[in-house]
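This report refers to the structure that appears directly beneath it.
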Amino acid sequence: MSDELQVSALNSSQPANQEESNFNLKPPYQTPKGVHDILPADHEYYTFIKKVVRHRMRQAGFKRIATPIFEYTDVFVRSIGDATDIVDKEMYTFLDKKGRSLTLKPEGTAGVVRSFIQNGMNQLPQPVELYYIEPHFRYDRPQKGRYRQFWQYGFEIIGELDPALDAQAIFLANKINEDLGIDKLFKIQLNTIGSLEDRKKYTQALRDYYYGKERNLCEHCRDRLTKNPLRLLDCKNEDCMILAQLAPKMNDYLSPESKEYYNDVKEYLAELDIDFVENPTLVRGLDYYTNTVFEFWDAHDGAQNAIGGGGRYDGLIEIMGGQPTPAVGFAAGIERIIANMKREKIRVPSKDDVHVFVAQLGKEAKKKCLKLIYEMRESGIKTIGALGMGSIKQQLKLADKFNAPYTLIMGITEVREGTIIIRNMTKGSQEIVKFDNAIEEVIKKIGEKNLDKYSPGEVMY
Ligand code: HAM
């Protein structure tokens, strides 16, 4: 490892083992533990999901934002909280050449909030509604649905405090699940963790309750008791769960305003026909939340592999150095969405399928086809050609492998006669058309609406 760049998981409790150490590496290489290539077949899912997200977000007036892949480490420590698992164990933190501590983003909210403050977005009409689709990094223990690099889509509504916005966030997340065909697989868990004031009182009550019972807690919870007592409520250790059941309830420490706020969220959700389950032990794994918190749990497996989560974070912008500004947001894991779509056998349209394969024989035919391929692509026909290949037979075999529904064939005779053969690869039938009409004839066959035309919109001066 270079002296200048030391990548490590900050305070990782898992020592780098032999398998992960760099010393034995030699070609052919594997991806590092917990990360993977996105191969073309899976890319179709990513593309489709991004399209659905972009559509729903645009429709609701959100604007896209991309924050850097890495930020100063403090951005995450201060926002997510130094007593959380993410900051304590899961961050990819490294020093740059000048010794500054940087961290690969483990989640999206902190960067968006940093950007909101840095770019004076409080001057924009409020609320500012932003969304992102980005890779994130956590030094998590790799297992099904848990990776060290994963994609999230997320959105943040910053600048207004209203229970209707919390309900809208949950509604939007659910709508996207509906579009993707996986909404029935998840149950929305809802809770309130009260205002910062409520939480202070409740946290003290928890500390009092657990005082003298430390021996019955698991090792993690003993640690959490001093750092982050709320997390004791969602520990999965059996003894901790028994104690948590008898622990003081948040509801008894909520101010009348927090109670009213929570009731309003529930009323709006009912109005929007959103089913949810109230879950008083739901606290989320990040420190910045206040009032409403929610997660989309697998209907069978529960919290394990939750597909997404979010909540309100009214104190965060001030903690990060901005004016006090309320906000609410949500993020979902794209790999987990894909796993569920596959589980449901949901297929997505393949934009990568080619329309036409061009086969040719002889130098003159090659010259003509070279230009034809280019012109067909310009017309929106997805075209590949084996310009380097040998016999027509070999080329047709290749066309089959690419699943091209049509092959255009040009040999010496066709060059001489100014024609080209269009072969229907499914039926095995073929017809001869004039070379100059080839594009028109192909478009008739594949259909105008299936053309893949590049249309970025016109530039404006
Ligand atoms: P989060 O619950 O930490 O929330 O992450 C959201 C989702 O990201 C999870 O439900 C899961 O689907 C996915 N995810 C998290 N870690 C991994 C992993 N190691 N591998 C695969 N997928 C993973 C947040 O990140 C908050 N920023 C959400 C938010 C936005 N709250 C307010 N605004």
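Numbering (numbering that gives the first Met the number 0), first residue to last: 0 to 460.
Just so you know, even glycine gets a beta-carbon here, dropped at the ideal spot from N, CA and C.
Within the chosen limit of 7 Å, the ligand HAM reaches the beta carbon of Thr-108 through at least one heavy atom. DSSP places Met-409 in the uninterrupted beta strand (DSSP E) bounded by 405 to 409. The DSSP-derived three-state label of Arg-283 is coil. For Pro-39, the enclosing alpha helix (DSSP H) covers residues 39 to 58. The beta carbon of Val-51 is closer than 8 Å to those of Ile-175, Asp-178 and Leu-179 in its chain, skipping five residues each way along the sequence. If you look at Leu-189, you'll find it in the beta strand (DSSP E) that goes 185 to 191. Going by DSSP, Asp-87 is part of the alpha helix (DSSP H) stretching over 84 to 88.
Using a cutoff of 7 Å, the CB of Ile-306 counts as near the ligand HAM, since one of the ligand's heavy atoms is closer than that. If you check the C-beta of Asp-313 against the ligand HAM, you find no heavy atom less than 7 Å away. In the three-state reduction of the DSSP assignment, Ile-181 falls in the coil class, being assigned neither a helical nor a strand state.
Judged by beta-carbon spacing, Thr-83 lies within the 8 Å limit of Asn-227, meaning their Cβ atoms are closer than that value.
With contacts defined by Cβ atoms closer than 8 Å, Ile-85 and Leu-285 form a contacting pair.
Contact annotation, Ile-64 with Tyr-131: C-beta distance approximately 6 Å; criterion of less than 8 Å satisfied.
With a beta-carbon spacing of about 5 Å, Val-327 and Leu-164 fall inside the 8 Å limit used to define contacts. When the beta-carbon positions are compared, Glu-70 and Gly-107 stay at least 8 Å from each other. The region 144 to 154 makes no contact with the region 232 to 251; the number of CB pairs closer than 8 Å stays below 3. Relative to the non-hydrogen atoms of the ligand HAM, the Cβ of Tyr-131 never comes closer than 7 Å to any of them. Exclusion of Glu-128 from the 7 Å shell around the ligand HAM follows from its C-beta lying no nearer than that to any non-hydrogen atom of the ligand. Judged by their CB atoms, Gly-314 and Tyr-287 are nearer to each other than the 8 Å cut-off.
Using a cutoff of 7 Å, the CB of Phe-401 does not count as near the ligand HAM, since none of the ligand's heavy atoms is closer than that. Secondary structure note for Gly-308: its beta strand (DSSP E) is the uninterrupted segment 307 to 311.
The Cβ atoms of Phe-136 and Gln-151 lie no closer than 8 Å to each other. Rounded to the nearest angstrom, the Cβ distance from Glu-218 to Asp-139 is 19 Å, too far for a contact under 8 Å.
As DSSP reads the structure, Asp-297 sits in a beta bridge with Phe-185 and Gly-301. Take Glu-374, set aside five residues on each side of it, and the residues of its chain with a beta-carbon closer than 7 Å to its own are Ile-438, in chain order.
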